[in-house]
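So the structure is just underneath, and the comments pick up after that.
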Amino acid sequence: DWTMAGYRQQAIDAIREQVGDAHVICGLSGGVDSSVTAILLHEAIGDQLTCVFVDHGLLRMNEADEVVTMFRDHYNIKLIHADESELFLGELEGVTDPEVKRKTIGRLFIDVFQKYANQIEDAEFLAQGTLYPDVIESVSFSGGPSVTIKSHHNVGGLPEKMGLKLVEPLRELFKDEVRALGHELGLPASFIGRHPFPGPGLAIRCPGEITRDKLEILRKADAVYIDQIRKHGLYDEIWQAFVAILPVRTVGVMGDGRTYDYACALRAVTSVDGMTADYYPFSHEFLGETATRIINEVKGINRVTYDITSKPPGTIEWE
Ligand code: XMP
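Counting in the UniProt record's numbering, the sequence shown runs from 203 upward without gaps.
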């Protein structure tokens, strides 16, 4: 009968069979899918795997360190930390249109990934954390008319461009099965249960122009908000929660002084698949306490709002 331990061994055998002595490159984001893919491949082929973690400078607080520590130090996986924040933030200077942001980040991501991958000798395979629903979706949506609301940046076409063959060990699994496999592989719950995080990262949570100052303020506010959610035991009830920093300053009063700082919006939604979503009904007490903490602890923010838009008509992200 079927068990996750059995599946794990079967997947490892299949990877060894497919890959042989060749070298495999894996793009690691720190999300569940790429994390499980990397750990599974490492179990199957050890040092024949090199992971590339592209750091675009649009990650959350401590995120890069957490990923590097987990995969390099804990799992002993060969990992390239491609710190390219200068490049990304430089190219994004003055860019305010959401789709231009996405396309810029997507293009640079591919360039950067390719640059690092080219340094890996004898690479023959590219590993991707494609899930079963992704396989189905790309089949059923092809051909038909479609409306693009947001162009998700993906690395489609990359393997052909680089002359690499694909390894997709999660192709038969649904999300909950990937989580179970992650658990089986010893991936900590803090990684397995993580809220989804978009490829363009904080860029699409910073409407208008992206500056280092705004990103720093956003990181701090987001960290306080997520800390509040965890402390109140709400993290696992929520599909996704984050702060967006608004491109507007508002007047406030603190002590005997006037402040003129950024406003931010808190977002939290419940959802099954991200296609539709409802705003999370926090208590007024939670919201008030969180607003007070953010304003007291984060220099640069003096006003906190809560986004009560469901999807549709809103989208989950602000851009
Ligand atoms: P929206 O904002 O479209 O988000 O309601 C639905 C889900 O998709 C994520 N999202 C993205 N993921 N690249 C990604 O990889 C993107 O450009 C992108 N835009 C939105 C969003 O975080 C949510 O989980």
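We put the beta carbon where it would ideally sit given N, CA and C, even for glycine.
Below 7 Å, is the gap between the Cβ of residue i and the nearest heavy atom of the ligand XMP?
{"i": "Lys352", "result": "yes"}
{"i": "Lys501", "result": "no"}
{"i": "Arg218", "result": "no"}
{"i": "Lys513", "result": "yes"}
{"i": "Gly331", "result": "no"}
{"i": "Pro400", "result": "yes"}
{"i": "Ile406", "result": "yes"}
{"i": "Gly229", "result": "no"}
{"i": "Ile440", "result": "no"}
{"i": "Glu519", "result": "yes"}
Going by beta carbon distance, what residues of the same chain come within less than 7 Å of residue i, once the five residues before and after it are set aside?
{"i": "Ser512", "result": "Ala479, Asp480, Tyr481"}
{"i": "Gln220", "result": "Val369"}
{"i": "Leu372", "result": "Asp235, Val238, Thr239, Gly331, Thr332, Leu333, Val380"}
{"i": "Ala319", "result": "Ile227, Val254, Ala325, Met364"}
{"i": "Thr298", "result": "Gly410, Glu411"}
If contacts are defined as beta-carbon pairs under 8 Å, then residue i and residue j qualify, I think. What distance do you get, rounded to the angstrom?
{"i": "Gly232", "j": "Val269", "result": "4 Å"}
{"i": "Ile431", "j": "Ala423", "result": "Actually they are not in contact, since the Cβ atoms of Ile431 and Ala423 sit about 13 Å apart, beyond 8 Å."}
{"i": "Thr252", "j": "His225", "result": "7 Å"}
{"i": "Thr517", "j": "Ile351", "result": "7 Å"}
{"i": "Leu404", "j": "Leu420", "result": "6 Å"}
{"i": "Pro335", "j": "Phe376", "result": "7 Å"}
{"i": "Thr461", "j": "Asn498", "result": "Rounded, the Cβ-Cβ distance is 12 Å, inconsistent with contact."}
Any idea which residues DSSP pairs residue i with across the strands?
{"i": "Val453", "result": "Tyr462"}
{"i": "His225", "result": "Ala325"}
{"i": "Val445", "result": "Leu468"}
{"i": "Thr252", "result": "Ile227, Lys280"}
{"i": "Tyr481", "result": "Val471"}
{"i": "Cys257", "result": "According to the sequence displayed, residue 257 carries Asp and not Cys. Asp257 is bridged to Asp285."}
What residues in its chain sit with their C-beta under 8 Å from that of residue i, if we drop five residues either side in the sequence?
{"i": "Gly222", "result": "none"}
{"i": "Pro347", "result": "Any reading at Pro347 must be qualified, since the residue scores a pLDDT of 47, below 50, and its modelled position is unreliable; the value itself is stated next. Closer than 8 Å at the Cβ level, and outside the excluded window around Pro347, lies no residue."}
{"i": "Asp415", "result": "Gly502"}
{"i": "Ala266", "result": "Phe255, Asp257, His283, Asp285"}
{"i": "Gly490", "result": "none"}
Can you tell me where the beta strand (DSSP E) holding residue i begins and where it ends?
{"i": "Asp285", "result": "280-285"}
{"i": "Ile503", "result": "503-508"}
{"i": "Lys367", "result": "367-369"}
Quick one: what's got a C-beta closer than 6 Å to residue i's C-beta in the same chain, skipping five residues either side?
{"i": "Thr507", "result": "Ala467"}
Could you give the first and the last residue of the continuous alpha helix (DSSP H) run that contains residue i?
{"i": "Ile241", "result": "234-247"}
{"i": "Pro361", "result": "360-364"}
{"i": "Gln316", "result": "300-320"}
{"i": "Glu265", "result": "265-270"}
{"i": "Gln378", "result": "According to the sequence shown, residue 378 is Asp rather than Gln. Its alpha helix (DSSP H) spans residues 377-386."}
{"i": "Ala425", "result": "414-433"}
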